[in-house]
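Student: Dropping the structure in here first, questions after.
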Ligand SMILES: [Zn+2]
Ligand SMILES: [Zn+2]
């Protein structure tokens, strides 16, 4: 792996490059936007955060690879999050490129574009109340709902994709063999893209994997509940994630090109590490469920990267969602159950 001088561009060989596109004010630092040469022109895997500086970096990075942004032929999106899909609209505007995404994440994009902000605030307030959040935590959401305020969230008008990424199938790209692997969990429609071609450095293993946020070398991706105000299905995102991880581990890839941090070769050990991490978390949670607790009370007691008192407002919502995803898994596994008649609903370890 070499680095083009003076830019954030990484040359991987075999017609693959990565560009570090900054995410402003975010500890993740940057998104790795991958560039794939095809017989019909360059194709991007993800686009990066929608910010003028990020756009300039993307354009300069493409230029360092000898590509004008107007030449981009297509955009493949691993998942709908704004650090991946944020600049897609601008790329399409500049180039006429198609944008492809898995249907389940395209649905999320559609909902985000169509829903009135008040609906979103109300939905979040109801969800948090059901999880046992205290009234003072919910109050700002209710106030925002009643004031008809617009959430200060990025990517409120994300680009609608024009194509669907079909799970298990080869993406129709001239001269390349790139297979879509549906890996739900981090989002319902997350995909990894498996470049089923020999490794350019002859490294042993089965091709290279664009892993998005599914498999990262040093970060455990967030797995919370899928947020859908229109769907009351009891989903099991953590179960989805763990299944997806095992499937990706079985591919036996020679190298992983994730969307953050850096490329790495030890795919299977990393998969095992992540599986063990979640197993440990589930066991810890089960210990906390020796007495009945709401998801909020569990989140307060789980281990995070800092004490609960220091976790900011928005991150607490994410933490509760993550606690609920782990709870769902325990309930599905028959290791915990809801306490009948409790409101907000409490959970307790299943008495063996
Ligand atoms: Zn993500
Ligand atoms: Zn990301």
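Numbering (the UniProt record's numbering), first residue to last: 1 to 352.
Note that CB positions come from ideal geometry on N, CA and C, so glycine has one too.
If you're wondering where the values come from, they're calculated on a predicted model, not measured in any experiment.
1) Ignore the nearest five residues each way along the sequence and tell me which others in residue 251's own chain have a CB closer than 7 Å to its CB.
2) Report yes if the C-beta of residue 213 is less than 7 Å from at least one heavy atom of ligand 1; otherwise report no.
3) Suppose contacts are defined by Cβ-Cβ distances below 8 Å. Is residue 98 in contact with residue 162 by that definition?
4) When you compare only the Cα positions, how much space is there between residue 84 and residue 126?
5) Taking residue 8 and residue 61 to be in contact with their CB atoms under 8 Å, please state how far apart those CB atoms are, rounded to whole angstroms.
6) Contact between the stretch 289 to 308 and the stretch 234 to 254: three or more CB pairs below 8 Å?
7) Could you tell me which whole beta strand (DSSP E) segments of length 3 or greater appear in the stretch 25 to 73?
8) How should residue 307 be labelled, buried or exposed, when 16 other C-beta atoms within 10 angstroms of its C-beta is the threshold for buried?
9) Mind checking residue 26: buried by the 16 CB within 10 Å criterion, or exposed?
10) Pick from 312, 337, 351: whose alpha carbon is nearest that of residue 293?
11) My output table needs one value for residue 212: the three-state DSSP class, helix, strand or coil.
12) Assign residue 356 to one of three DSSP states: helix, strand, or coil.
13) Among the residues of its own chain, which have a CB less than 6 Å from the CB of residue 333, if the five just before and after it don't count?
14) To the nearest angstrom, how far is it from the Cα of residue 280 to the Cα of residue 286?
15) Measuring CB atoms only, is the stretch 213 to 232 touching the stretch 267 to 282, in the sense that at least three cross pairs come out at less than 8 Å?
16) In this structure, does DSSP put residue 311 in helix, strand or coil?
17) Looking only at DSSP bridge pairs, what is residue 157 linked to?
18) Quick one: does the C-beta of residue 85 sit closer than 7 Å to a heavy atom of ligand 1?
19) If we count the other Cβ atoms within 10 Å of its Cβ and call it buried at 16 or more, is residue 155 buried or exposed?
20) With respect to 7 Å, is the separation between the Cβ of residue 260 and the closest non-hydrogen atom of ligand 2 below this value?
21) Quick check on residue 284: does DSSP put it in helix, strand or coil?
22) Please report the straight-line C-alpha distance between residue 262 and residue 20, rounded to a whole angstrom.
23) By the 10 Å Cβ neighbour count, where 16 or more other Cβ atoms means buried, how is residue 88 classified, buried or exposed?
24) So residue 159 packs on residue 213, CB below 8 Å; how close in whole Å?
25) Go through its chain and collect everything with a Cβ distance to residue 15's Cβ below 6 Å, but skip five positions before and after it.
26) Any beta-carbon of chain D closer than 8 Å to the one on residue 270?
27) Where does residue 289 fall in DSSP's three states?
28) Look up residue 255 in the DSSP assignment and say whether it is helix, strand or coil.
29) Which residue wins for smallest C-alpha separation from residue 166, given the options 141, 197, 180?
30) CB residue 325 to CB residue 298, shorter than 8 Å?
31) Apart from the five residues on each side of it in sequence, which residues of its chain come closer than 8 Å, Cβ to Cβ, to residue 347?
32) Since residue 72 contacts residue 54 with CB under 8 Å, what's their CB separation in whole angstroms?
33) Tell me, please, which residues DSSP counts as bridged to residue 22.
34) Here's the rule: buried if 16 or more other CB atoms are within 10 angstroms of the residue's CB, otherwise exposed. What is residue 313?
35) Just to confirm, does residue 79 get its C-beta within under 7 Å of one of the non-hydrogen atoms of ligand 4?
36) What residues match up with residue 178 in a beta bridge as DSSP calls it?
Tutor: From the atom records:
1) Taking C-beta separations shorter than 7 Å and ignoring five residues to either side along the sequence, the partners of residue 251 in its chain run 194, 206, 209, following chain order.
2) Relative to ligand 1, the nearest heavy atom lies less than 7 Å away from the CB of residue 213.
3) Result yes, Cβ atoms of residue 98 and residue 162 sit closer than 8 Å.
4) Looking at the two C-alpha atoms, the distance is approximately 29 Å.
5) That pair is a contact at about 6 Å.
6) No contact exists between the stretch 289 to 308 and the stretch 234 to 254.
7) Those beta strand (DSSP E) runs which fall completely within the stretch 25 to 73 and span 3+ residues are 30 to 36, 43 to 45.
8) A residue is called buried when at least 16 other Cβ atoms come within 10 angstroms of its Cβ; residue 307 does not meet this threshold and is exposed.
9) Residue burial annotation: residue 26 is exposed, with fewer than 16 other C-beta atoms found within 10 angstroms of its C-beta.
10) Of the candidates 312, 337, 351, the one whose C-alpha sits nearest the C-alpha of residue 293 is 337.
11) In this structure, DSSP gives residue 212 an extended state, which the three-state scheme calls strand.
12) Any property of residue 356 remains undetermined from this structure, which presents the chain solely from 1 to 352.
13) For residue 333, where only same-chain residues beyond five positions count, there are no Cβ hits under 6 Å.
14) Roughly 10 Å separates the two Cα atoms.
15) Cβ pair count under 8 Å is three or more, so yes.
16) In the three-state reduction of the DSSP assignment, residue 311 falls in the coil class, being assigned neither a helical nor a strand state.
17) Paired residue(s): none; residue 157 is not in a bridge.
18) Outside the cutoff, so no.
19) Since pLDDT at residue 155 reaches only 49, below the 50 mark, its modelled position is unreliable, and the value read off the structure follows with that caveat. Classification of residue 155: buried, given that the 10 Å Cβ count is 16 or more.
20) Yes, the beta carbon of residue 260 sits closer than 7 Å to at least one heavy atom of ligand 2.
21) It is helical.
22) About 10 Å.
23) Around the CB of residue 88, 16 or more other CB atoms lie within 10 Å, so the residue is classed as buried.
24) Actually they do not touch by this definition, with Cβ atoms about 19 Å apart.
25) The residues are 37.
26) Absent from the structure is chain D; it holds one protein chain and no more.
27) DSSP, reduced to helix, strand and coil, places residue 289 outside both helices and strands of the structure shown, so it counts as coil.
28) Under the three-state reduction of DSSP output, residue 255 falls in the strand class.
29) Closest option to residue 166, Cα to Cα, is 180.
30) Contact: no.
31) Excluding residues within five positions, the ones whose Cβ falls inside 8 Å are 289, 292, 293, 294, 295, 298, 327, 330, 331, 336, 337, 338, 339.
32) That belief does not hold up - the Cβ atoms of residue 72 and residue 54 are roughly 16 Å apart, past 8 Å.
33) Bridge partners of residue 22: 30.
34) Residue 313 is exposed by the Cβ-count criterion.
35) You won't find ligand 4 in this model; what it holds is ligand 1 and ligand 2.
36) In the DSSP output, where bridge partners are listed per residue, residue 178 has 195.
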